[in-house]
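Visitor: In full-length UniProt numbering, the protein residues as written are 1 to 299. Below you will find the structure I want to go over with you.
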Amino acid sequence: MPPRTESEMADRRTRYEEALPEDLDNKVAQLLQTYSHIPADEIEPHLRSIRDRAWAVFPYTCIGAWRFLDLYVTKLPVYPKVVERLRDGGDRLLDAGCCFGYVLRQLAADGAPMASLVGSDLEQPFLDLGFDLFRDRDTFKGSFVAGDMLSNNCEAGGEEDDKLAALDGTFDIVHAASFFHLFSWEDQVRLGERVVRFFRPADTATNSGEPRLLFGRQVGNVAPVSRETLAARGEYRFHHNPATLQQLWDEIGERTKTRWRVEAELVLGTGRGQRKPAADGTEKERHTHQIWFAIYQEE
Numbered sequence: 001m002p003p004r005t006e007s008e009m010a011d012r013r014t015r016y017e018e019a020l021p022e023d024l025d026n027k028v029a030q031l032l033q034t035y036s037h038i039p040a041d042e043i044e045p046h047l048r049s050i051r052d053r054a055w056a057v058f059p060y061t062c063i064g065a066w067r068f069l070d071l072y073v074t075k076l077p078v079y080p081k082v083v084e085r086l087r088d089g090g091d092r093l094l095d096a097g098c099c100f101g102y103v104l105r106q107l108a109a110d111g112a113p114m115a116s117l118v119g120s121d122l123e124q125p126f127l128d129l130g131f132d133l134f135r136d137r138d139t140f141k142g143s144f145v146a147g148d149m150l151s152n153n154c155e156a157g158g159e160e161d162d163k164l165a166a167l168d169g170t171f172d173i174v175h176a177a178s179f180f181h182l183f184s185w186e187d188q189v190r191l192g193e194r195v196v197r198f199f200r201p202a203d204t205a206t207n208s209g210e211p212r213l214l215f216g217r218q219v220g221n222v223a224p225v226s227r228e229t230l231a232a233r234g235e236y237r238f239h240h241n242p243a244t245l246q247q248l249w250d251e252i253g254e255r256t257k258t259r260w261r262v263e264a265e266l267v268l269g270t271g272r273g274q275r276k277p278a279a280d281g282t283e284k285e286r287h288t289h290q291i292w293f294a295i296y297q298e299e
């Protein structure tokens, strides 16, 4: 549905970018050509079609600003080890808040067994669009589950919660990108408690013998900040630096009777931000910081 008010139109302009990013990651084009067998001259119209269908589901900035095209995960120091654990060690991975599941497709292209890959997202239409984006509805052998990880209705027997509960205790690795930063500190604690339940029990060894691992990225700040945002859903959000991320997982650990060690790096000024009006009336892009993290469970 198109925006109808001046406020909605202004909000769309700050979060919806018409042009594909000039620094479009070549890995995306390569993945779409080699994994999805999409001809090079069809990639741009294909991406535009998928993006606009996703924008109609919910206008997240990461969709409007084309951030779903960033296969950053291959640049993480921990990524080769993740692929090795999945390919050779028999570990299983959950992509929490996976949107279109593009990280799962990259893992599959890099040799991870598809049957070991599971994605979850709040929005079922995003999961469906992932199959359309990669044209692999009949060939991708991983699985997807739609559900709300912050729902309080788990004990009430809601269908979506039952699907998520069925995943508890079955994973060795969880990936989460642009996910935790959508929430306040309190909700991030709740989300962390939920994620911990997805891991194999503490008294059960992972298939690879490696520690349980949560890795990914999110918006970060040099000085941690908690604020009410102007985002689409108007939530309070907490953006971390490495020290506060460790503090968060210390609190999650206390609540779940587990221990977690955070390895995190603040990557300055590389995130693609919203476009903001400049003093001369033009628009310029406001770059944001990212925090890349690998969080290990300790015995």
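Just so it is clear, CB atoms sit at the ideal spot from N, CA and C, and this is done for glycine as well. As the structure is a computational prediction, the values presented were derived from the model and not from experiment.
For residue 291, which residues does DSSP report across the bridge?
Guide: Taking the first residue of the sequence shown as 1, we reach residue 291 at position 291. DSSP, once it has assigned bridges, lists 218 and 266 as partnering residue 291.
Visitor: Please name the residue in 190, 59 and 55 whose C-alpha comes closest to that of residue 255.
Guide: Your numbering for residue 255 matches position 255 in the sequence shown. Nearest of 190, 59 and 55 to residue 255, Cα basis: 190.
Visitor: Based on the DSSP secondary-structure assignment, which residues constitute the bridge partners of residue 120?
Guide: Position 120 of the sequence shown holds residue 120. Beta-bridge pairing links residue 120 to 96 and 145.
Visitor: Compute the Euclidean distance between the alpha carbons of residue 259 and residue 200, then round it to the nearest angstrom.
Guide: For the purposes of this step, residue 259 is taken as residue 259 along the sequence shown, with counting starting at 1. For the purposes of this step, residue 200 is taken as residue 200 along the sequence shown, with counting starting at 1. Approximately 14 Å, taken between the alpha carbons.
Visitor: In angstroms with no decimal places, state the Cα-to-Cα distance between residue 34 and residue 27.
Guide: For this step, residue 34 is matched to residue 34 along the sequence shown. For this step, residue 27 is matched to residue 27 along the sequence shown. Cα-Cα distance, rounded: 10 Å.
Visitor: Taking the CB atoms as reference points, tell me whether residue 50 and residue 129 lie closer together than 8 Å.
Guide: Counted from its first residue, the sequence shown places residue 50 at position 50. Counted from its first residue, the sequence shown places residue 129 at position 129. Contact flag set, yes.
Visitor: By DSSP's criteria, residue 171 is part of a beta bridge. Which residues make up the other side?
Guide: For the purposes of this step, residue 171 is identified with residue 171 of the sequence shown, where counting begins at 1. 199.
Visitor: Quick one: using the 10 Å Cβ neighbour count with 16 as the cut-off for buried, is residue 116 buried or exposed?
Guide: For this step, residue 116 is matched to residue 116 along the sequence shown. It is buried - the Cβ of residue 116 has at least 16 other Cβ atoms within 10 Å.
Visitor: Out of 243, 240, 204 and 174, which one is the CA nearest neighbour of residue 296?
Guide: Residue numbering aside, residue 296 sits at position 296 when the sequence shown is read from its first letter. Among 243, 240, 204 and 174, the Cα nearest to that of residue 296 belongs to 174.
Visitor: Report yes or no: do three or more beta-carbon pairs, one from the stretch 113–127 and one from the stretch 92–103, lie closer than 8 Å?
Guide: The stretch 113–127 is in contact with the stretch 92–103.
Visitor: Using a Cβ-Cβ cutoff of less than 8 Å, which residues in the same chain neighbour residue 252 once the five nearest sequence positions on both sides are dropped?
Guide: On the sequence shown, residue 252 is found 252 positions in, with the first residue counted as 1. The answer, listed in chain order, is 189, 192, 193, 196, 258 and 260.
Visitor: So, under 8 Å CB-CB, residue 215 and residue 71 are touching, yes? Tell me the CB distance rounded to an integer number of Å.
Guide: By 1-based counting over the sequence shown, the position of residue 215 is 215. By 1-based counting over the sequence shown, the position of residue 71 is 71. With 8 Å as the limit, residue 215 and residue 71 do not qualify as a contact, their Cβ atoms being about 15 Å apart.
Visitor: Counting along the chain, where does the beta strand (DSSP E) carrying residue 135 start and finish?
Guide: Mapped onto the sequence shown, residue 135 falls at position 135. Taken as a continuous stretch (DSSP letters only), residue 135 belongs to no beta strand (DSSP E), as it is neither H nor E.
Visitor: For residue 66, name the three-state secondary structure that DSSP assigns.
Guide: Within the sequence shown, numbered from 1, the residue matching residue 66 stands at position 66. In the structure shown, residue 66 sits in coil (DSSP, three-state: anything other than H, G, I, E or B).
Visitor: Just the Cα atoms here: how many angstroms apart are residue 40 and residue 166?
Guide: Stepping through the sequence shown from its first residue, residue 40 is reached at position 40. Stepping through the sequence shown from its first residue, residue 166 is reached at position 166. Computed Cα separation, rounded: 40 Å.
Visitor: Along the alpha helix (DSSP H) that carries residue 37, what are the first and last residues, could you check?
Guide: Counting from 1 along the sequence shown, the entry for residue 37 is found at position 37. No alpha helix (DSSP H) contains residue 37, which DSSP labels as neither H nor E.
Visitor: Mind checking whether residue 91 and residue 172 have CB atoms under 8 Å apart?
Guide: Residue 91 sits at position 91 when you count from the first residue of the sequence shown. Residue 172 sits at position 172 when you count from the first residue of the sequence shown. It is a contact, given that the beta carbons lie within the stated cut-off.
Visitor: How is residue 184 classed by DSSP in three states: helix, strand or coil?
Guide: The residue labelled residue 184 in the question sits at position 184 within the sequence shown. Residue state, collapsed to three classes: coil.
Visitor: Just tell me which of 109, 185 and 127 has its CA closest to the CA of residue 238.
Guide: Sequence index remark: in the sequence shown, residue 238 carries index 238 (1-based). Cα-wise, what sits closest to residue 238 is 185.
Visitor: With respect to the alpha helix (DSSP H) encompassing residue 53, which residues constitute its N-terminal and C-terminal limits?
Guide: As a working mapping, residue 53 is identified with position 53 in the sequence shown. 43–57 is the extent of the alpha helix (DSSP H) around residue 53.
Visitor: So residue 86 packs on residue 112, CB below 8 Å; how close in whole Å?
Guide: Counting from one through the sequence shown, the residue named residue 86 turns up at place 86. Counting from one through the sequence shown, the residue named residue 112 turns up at place 112. Contact holds; Cβ gap of about 4 Å.
Visitor: Between which two residues does the alpha helix (DSSP H) holding residue 237 run?
Guide: Within the sequence shown, numbered from 1, the residue matching residue 237 stands at position 237. First-last for residue 237: 236–239, but that is the beta strand (DSSP E), not the alpha helix (DSSP H).
Visitor: In whole angstroms, what separates the C-alpha of residue 290 from that of residue 57?
Guide: By one-based count along the sequence shown, residue 290 stands at place 290. By one-based count along the sequence shown, residue 57 stands at place 57. Spanning the two alpha carbons is a distance of roughly 26 Å.
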